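**Q** What follows is a single structure, and I will ask about it in a moment.
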Amino acid sequence: ESSDGWRMLQLRKNLPAYKEKDAILNAISQNQVVIISGETGCGKTTQIPQFILESEIEYFRGATCSIICTQPRRISTMSVSERIATERGEKLGETVGYKVRLEGMKGRDTRLLFCTTGILLRRLLVDRNLKDVTHVIVDEIHERGMNEDFLLIVLKELLPRRPELRLILMSATLDANLFSSYFGGVPVVQIPGFTHPVHSFFLEDVLEKTGYRLTAENQIDDYGQERTWKSNKQFIRKRKSQIASAVEEALMSADFRNYSPQTRESMSYWNPDCMGFNLIEFLLLTICGNEKPGAVLVFMTGWDDISSLKDKLQANHLLGDPRRVLLLACHGSMASIEQKQIFEKPEPGVRKIVLATNMAETSITIDDVVFVIDCGKAKETSYDALNNTPCLLPAWISKVSAKQRRGRAGRVQPGECYHLYPRCVFNAFAEYQLPEILRTPLQSLCLQIKTLKLGSISEFLSKALQSPELLAVQNAIEYLKVIGALDEKENLTVLGRYLTMLPVEPKLGKMLILGSILNCLDPILTVVAGLSVRDPFLAPLDKKDLAEAAKAQFSRDHSDHFALVRAYEGWKVAEHELGGYEYCWKNFLSAQSMKAIDSLRREFLSLLKDTGLIDGNIVIYNAWSYDENLLRAVVCYGLYPGISSIVHNEKSFSLKTMEDGQVLLHSNSVNSRDSRIPFPWLVFNEKIKVNSVFLRDTTAVSDSILLLFGGSISKGDTDGHLKML
Ligand code: ADP
Ligand code: MG
268 ESSDGWRMLQ LRKNLPAYKE KDAILNAISQ NQVVIISGET GCGKTTQIPQ FILESEIEYF
328 RGATCSIICT QPRRISTMSV SERIATERGE KLGETVGYKV RLEGMKGRDT RLLFCTTGIL
388 LRRLLVDRNL KDVTHVIVDE IHERGMNEDF LLIVLKELLP RRPELRLILM SATLDANLFS
448 SYFGGVPVVQ IPGFTHPVHS FFLEDVLEKT GYRLTAENQI DDYGQERTWK SNKQFIRKRK
508 SQIASAVEEA LMSADFRNYS PQTRESMSYW NPDCMGFNLI EFLLLTICGN EKPGAVLVFM
568 TGWDDISSLK DKLQANHLLG DPRRVLLLAC HGSMASIEQK QIFEKPEPGV RKIVLATNMA
628 ETSITIDDVV FVIDCGKAKE TSYDALNNTP CLLPAWISKV SAKQRRGRAG RVQPGECYHL
688 YPRCVFNAFA EYQLPEILRT PLQSLCLQIK TLKLGSISEF LSKALQSPEL LAVQNAIEYL
748 KVIGALDEKE NLTVLGRYLT MLPVEPKLGK MLILGSILNC LDPILTVVAG LSVRDPFLAP
808 LDKKDLAEAA KAQFSRDHSD HFALVRAYEG WKVAEHELGG YEYCWKNFLS AQSMKAIDSL
868 RREFLSLLKD TGLIDGNIVI YNAWSYDENL LRAVVCYGLY PGISSIVHNE KSFSLKTMED
928 GQVLLHSNSV NSRDSRIPFP WLVFNEKIKV NSVFLRDTTA VSDSILLLFG GSISKGDTDG
988 HLKML
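Start counting the sequence shown at 268; every next residue gets the next number (the UniProt record's numbering).
Here's what the structure looks like:
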């Protein structure tokens with residue numbers, strides 16, 4: 268055991284951060300705020316909190332320090348705290364602990380607590396001054412997540428009230444000066460990095476080197492693509508033609524003179540909207556046939572393309588052979604067994620391949636990576652304030668991200684990085700990604716500002732590192748008033764207070780609350796969970812009709828939401844028989860989504876117990892035995908003001924909303940198959956603007972339901988809609 272400890276210490280001492288230990292501790296003792304920047308993998312997250320902990324224990328014996336270190340993600344919170352406990356030869360929950368939503372490990376002696384940013388924000392709710400906390404470390408600030416930007420405003424205001432509190436901000440990129448000036452010019456400690464050289468190839472070089480040919484056929488991914496993609500076809504086509512002409516132009520330029528005619532021809536087939544599953548498979552096979560050892564890290568956009576690619580690779584005779592390849596996924600919703608395997612060395616002769624989201628860019632370091640394959644995209648939420656429409660789309664990454672991805676290949680030895688897009692596209696990437704606060708809806712954030720009693724919403728947000736557009740702020744406040752979470756004076760209502768206890772979007776929170784009160788929680792848990800995950804109804808492009816027909820079997824009540832409830836209930840039964848896979852396959856359902864819904868249901872249930880809205884002993888069992896009107900009421904209560912009127916004409920019907928006029932139904936909706944709907948209204952979860960506005964996830968409701976449950980119960984704001992009648 269002691270030799271283990273010795274080995275750990277040697278490992279730690281070899282990290283670049285270790286050599287800066289004194290400089291870091293010095294800066295912290297002399298300044299209230301310190302910024303530390305250093306390349307990913309240099310030891311910021313695992314070492315710096317430990318330096319503070321150790322020096323507190325060593326020099327201030329008897330003093331009880333309390334260090335909080337925030338992480339943007341649940342997964343890294345758990346894996347990092349566990350790693351540090353191991354390095355210290357302890358069990359998790361002794362001096363080092365963690366806390367994430369609904370889970371944690373923390374003991375009486377815990378001095379260093381890792382938690383998600385959301386957890387610290389919740390703590391501030393009851394402990395405004397962070398009494399007894401000695402150090403706050405905010406990690407990964409370069410990611411510019413909304414919660415982190417928000418936390419920084421709150422902490423900045425807190426510092427004068429707590430002069431002895433120390434704030435340490437850690438960043439993986441060099442734009443530390445932005446943060447330094449935000450806090451009035453505080454010192455930046457720079458940890459010099461070291462990585463081995465990485466040879467990088469852009470698409471044209473990959474083709475030239477390997478002789479792989481792009482064709483119209485292999486430039487299509489064989490999987491049911493993300494729902495938003497399809498409805499955004501028009502938009503994508505436009506963007507695609509812009510990129511295509513940039514590539515065309517590049518092909519004509521002098522840069523391409525040295526490439527073979529085959530490569531040049533191949534490049535003209537490149538499809539920017541294709542993740543390149545076929546090329547990735549080809550490259551993995553090439554790497555596996557290579558003598559050079561080392562793990563492969565493939566950057567994808569999310570669990571949907573990761574799991575589709577994983578299925579494809581598993582069907583390959585070499586890549587799917589566990590004696591030769593250890594194929595792993597790394598994304599926000601993976602199981603913890605998989606998490607551990609990511610860091611482990613595979614058996615000799617086995618090649619480790621990790622399919623990851625941008626999480627592996629900076630917050631998780633896999634040491635033995637030698638090869639990186641970068642598809643150049645990440646899922647990005649964006650928000651169009653003008654149309655008040657949010658979307659989640661795979662988007663091109665920034666230059667900084669592409670460099671981070673490349674750097675992952677040079678941890679242990681010189682590496683190789685394959686970017687699956689041309690150099691000219693890289694040159695057109697933005698330098699940095701736009702901070703989240705500037706590109707997402709602000710409703711939840713505004714609620715949080717009110718809950719923390721931080722005064723006027725717009726005044727508070729004007730103090731951010733980069734303030735969001737005024738229009739975006741106004742839209743959010745207006746929405747919260749309409750749904751009854753804020754009153755006219757922008758004060759929290761009773762409903763608003765309940766909503767802040769539930770860490771989900773306000774509309775989903777409203778459904779959970781009313782579902783609890785009306786005692787029809789079981790199906791509502793499924794509806795809410797279903798709206799929180801990727802669309803469980805798959806729609807592969809080549810089997811669209813079959814998939815739509817499969818969905819229609821679950822439809823009886825003019826509601827996509829209830830179709831989901833029935834699909835889930837069927838899965839629940841099938842799960843006991845064959846794990847539910849065959850059922851999913853037959854019905855074009857995503858098994859991953861079904862499992863995610865299952866675990867989210869449990870999560871929401873325990874959150875609701877915490878709010879006191881339901882009894883701790885409530886028994887939940889699936890069976891369709893609910894009054895259908897009750898369910899429509901709950902769904903309407905949540906989705907209002909997302910509502911359109913149904914106008915029937917001879918053969919069919921048309922839809923109209925107050926803001927957009929005529930709108931269309933997304934073809935995926937069960938209601939798009941009917942020519943008549945025996946209700947006057949449709950509530951919808953989402954509208955997407957392309958050339959026209961499309962509604963998706965809809966439920967039909969009656970006049971009386973809209974009148975009673977539209978807006979808030981206390982404030983029936985349905986006048987406008989009544990006039991439309
Ligand atoms: P930074 O925060 O600067 O990116 P980290 O402190 O996360 O760096 O990582 C330092 C080193 O510790 C890396 O070499 C990384 O691979 C290793 N490490 C981090 N977490 C784990 C883990 N859970 N298991 C094994 N090694 C880990
Ligand atoms: Mg880190």
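C-beta: ideal position from N, C-alpha, C; glycine also. Predicted model only: the values in this text are computed from it and were never measured.
What does the alpha-carbon distance come out to for the pair V453 and S447?
**A** The residue labelled residue 453 in the question sits at position 186 within the sequence shown. The residue labelled residue 447 in the question sits at position 180 within the sequence shown. About 5 Å.
**Q** Tell whether a beta-carbon distance below 8 Å holds between V367 and I351.
**A** Taking the first residue of the sequence shown as position 1, residue 367 is located at position 100. Taking the first residue of the sequence shown as position 1, residue 351 is located at position 84. Their beta carbons are not under 8 Å apart, which means V367 does not touch I351 by this criterion.
**Q** Under 5 Å, CB to any heavy atom of ligand 1. Which residues pass, going along the chain?
**A** Here the list is T307, G308, C309, G310, K311, T312, T313, S346, R350, F610, T632, D634.
**Q** Alpha carbon to alpha carbon, how far is G385 from F461?
**A** Numbered from its first residue, the sequence shown carries residue 385 at position 118. Numbered from its first residue, the sequence shown carries residue 461 at position 194. When rounded, the distance between both Cα atoms is 33 Å.
**Q** Cβ-heavy atom distance between S348 and ligand 2 below 7 Å?
**A** Looking up residue 348 in the sequence shown gives position 81. Checking every heavy atom of ligand 2 against the Cβ of S348, none is found closer than 7 Å.
**Q** Who are the Cβ neighbours of M861 in its own chain at under 7 Å, not counting the five residues just before and after it?
**A** Counting from one through the sequence shown, the residue named residue 861 turns up at place 594. So the qualifying residues of the chain are P803, Y835, W838, G847, C851.
**Q** For A739, tell me which candidate among P770, R706, S723, D809 has the shortest Cα-Cα distance.
**A** Position 472 of the sequence shown, counted from the first residue, corresponds to residue 739. Checking every option, the nearest Cα to that of A739 belongs to R706.
**Q** For the beta strand (DSSP E) that K956 lies in, which residues bound it at each end?
**A** Here the question's residue 956 lines up with position 689 in the sequence shown. Run containing K956: 948 to 956, per the beta strand (DSSP E) assignment.
**Q** Do you know offhand how far G272's Cα is from R868's?
**A** Locating residue 272 in the sequence shown gives position 5, where the first residue counts as 1. Locating residue 868 in the sequence shown gives position 601, where the first residue counts as 1. Between G272 and R868, the C-alpha separation is close to 42 Å.
**Q** Grab me the residues of D877's own chain with a C-beta within less than 8 Å of its C-beta, minus the 5 sequence neighbours each way, in chain order.
**A** Mapped onto the sequence shown, residue 877 falls at position 610. M768.
**Q** Considering only the alpha carbon of each residue, which of S438, R899, L391 lies closest to E424?
**A** By 1-based counting over the sequence shown, the position of residue 424 is 157. Minimum Cα distance to E424 is reached at L391.
**Q** DSSP beta-bridge partners for F381?
**A** Here residue 381 corresponds to residue number 114 of the sequence shown, with the count starting at 1. DSSP output for F381 lists C336, Y365 as bridge partner(s).
**Q** Does DSSP classify L709 as helix, strand or coil?
**A** Numbered from 1 along the sequence shown, position 442 holds the residue referred to as residue 709. Correct three-state label for L709: coil.
**Q** Distance check for S959 and I744, CA to CA, integer angstroms please.
**A** Position 477 of the sequence shown, counted from the start, is the residue given in the question as residue 744. Position 692 of the sequence shown, counted from the start, is the residue given in the question as residue 959. So the two alpha carbons sit approximately 26 Å from each other.
**Q** Quick check: is any heavy atom of ligand 2 less than 7 Å from the C-beta of S630?
**A** Mapped onto the sequence shown, residue 630 falls at position 363. For ligand 2, at least one heavy atom lies less than 7 Å from the Cβ of S630.
**Q** Give the secondary structure of P589 by DSSP, where H, G and I count as helix, E and B as strand, and everything else as coil.
**A** Residue 589 sits at position 322 when you count from the first residue of the sequence shown. Correct three-state label for P589: coil.
**Q** Starting from F446 and walking both ways along the alpha helix (DSSP H), at which residues does that stretch end?
**A** Along the sequence shown, one-based indexing puts residue 446 at 179. Taken as a continuous stretch (DSSP letters only), the alpha helix (DSSP H) holding F446 covers 443 to 449.
**Q** Return the residue from the list V914, I620, D571, E515 that minimises the CA-CA distance to D588.
**A** Counted from its first residue, the sequence shown places residue 588 at position 321. Of the listed residues, the one whose Cα sits closest to D588 is I620.
**Q** Quick one: using the 10 Å Cβ neighbour count with 16 as the cut-off for buried, is F610 buried or exposed?
**A** Position 343 of the sequence shown holds residue 610. By the neighbour-count rule (16 or more Cβ atoms within 10 Å), F610 is not buried but exposed.
**Q** Less than 8 Å between C-beta atoms, sequence neighbours within five positions excluded: which residues of the same chain meet that for Q608?
**A** Position 341 of the sequence shown, counted from the first residue, corresponds to residue 608. Counting only Cβ-Cβ distances below 8 Å, and skipping sequence neighbours, we find L593, L595.
**Q** On the criterion of 16 or more Cβ atoms from any shown chain inside 10 Å, does R341 qualify as buried, or is it exposed?
**A** Start at 1 with the first residue of the sequence shown, and residue 341 comes out as number 74. Buried: at least 16 other Cβ atoms inside 10 Å.
**Q** Any idea if D571 is buried or exposed, counting beta-carbon neighbours within 10 angstroms, 16 or more meaning buried?
**A** The sequence position of residue 571 within the sequence shown is 304, counting from 1. Buried, because 16 or more other Cβ atoms sit within 10 Å of the Cβ of D571.
**Q** For the region 397 to 404 against the region 630 to 638, do three or more pairs of beta-carbon atoms, one drawn from each stretch, fall closer than 8 Å, so that the two count as touching?
**A** No: the two stretches stay apart, fewer than three of their Cβ pairs being nearer than 8 Å.
**Q** Rounded to whole angstroms, what's the CA-CA distance from G478 to T530? Just pull it up for me.
**A** Numbered from its first residue, the sequence shown carries residue 478 at position 211. Numbered from its first residue, the sequence shown carries residue 530 at position 263. If I take the Cα positions, the gap works out to 8 Å.
**Q** Helix, strand or coil for R476, going by three-state DSSP, please let me know.
**A** As a first step, residue 476 must be located in the sequence shown, where it is residue number 209. Residue identity check: residue 476 is Lys in the sequence provided, not Arg. Three-state result, K476: helix.
**Q** Less than 8 Å separating the beta-carbons of P702 and D442?
**A** Translated into positions along the sequence shown, residue 702 becomes position 435. Translated into positions along the sequence shown, residue 442 becomes position 175. Cβ distance not < 8 Å, so P702 and D442 don't count as in contact.
**Q** Tell me, please, which residues DSSP counts as bridged to A596.
**A** One-based indexing of the sequence shown puts residue 596 at position 329. Answer by DSSP bridge pairing, in chain order: L622.
**Q** Taking just the CA atoms, how far does V795 sit from I780?
**A** Within the sequence shown, the letter at position 513 stands for residue 780. Within the sequence shown, the letter at position 528 stands for residue 795. Their Cα atoms are separated by approximately 11 Å.
**Q** Determine the DSSP secondary structure at L436, reduced to helix, strand or coil.
**A** By one-based count along the sequence shown, residue 436 stands at place 169. Note: L436 maps to strand in three-state DSSP.
**Q** Among E548, N557, I408, which has the Cα closest to the Cα of V565?
**A** In the sequence shown, residue 565 corresponds to position 298, counting from 1. Taking only the C-alpha atoms, the option nearest V565 is E548.
**Q** Where does C787 sit, in a helix, a strand or coil, going by DSSP?
**A** As a working note, residue 787 is residue 520 in the sequence shown. Three-state result, C787: coil.
**Q** Does DSSP put I881 in a helix, a strand or coil?
**A** As a first step, residue 881 is located in the sequence shown; it is residue number 614 there, counting from the start. The answer is coil: DSSP assigns I881 none of H, G, I, E or B.
**Q** Below 8 Å on the Cβ atoms is my contact criterion, and I expect V617 with R591 to pass it. Report the Cβ-Cβ distance as a whole number of Å.
**A** Start at 1 with the first residue of the sequence shown, and residue 617 comes out as number 350. Start at 1 with the first residue of the sequence shown, and residue 591 comes out as number 324. Correct: roughly 6 Å between the Cβ atoms.
**Q** May I ask which residues mark the beginning and end of the alpha helix (DSSP H) holding Q741?
**A** Here residue 741 is taken as the residue at index 474 of the sequence shown, counted from 1. That run of the alpha helix (DSSP H) goes 737 to 749.
**Q** Can you tell me whether DSSP reads K646 as helix, strand or coil?
**A** Within the sequence shown, numbered from 1, the residue matching residue 646 stands at position 379. Three-state DSSP puts K646 in a strand.
**Q** Determine which residues share a DSSP beta bridge with A684 and list them.
**A** Indexing the sequence shown from 1 puts residue 684 at position 417. Strictly speaking, residue 684 in this sequence is Cys, with Ala absent from that position. C684 pairs with S467, V639.
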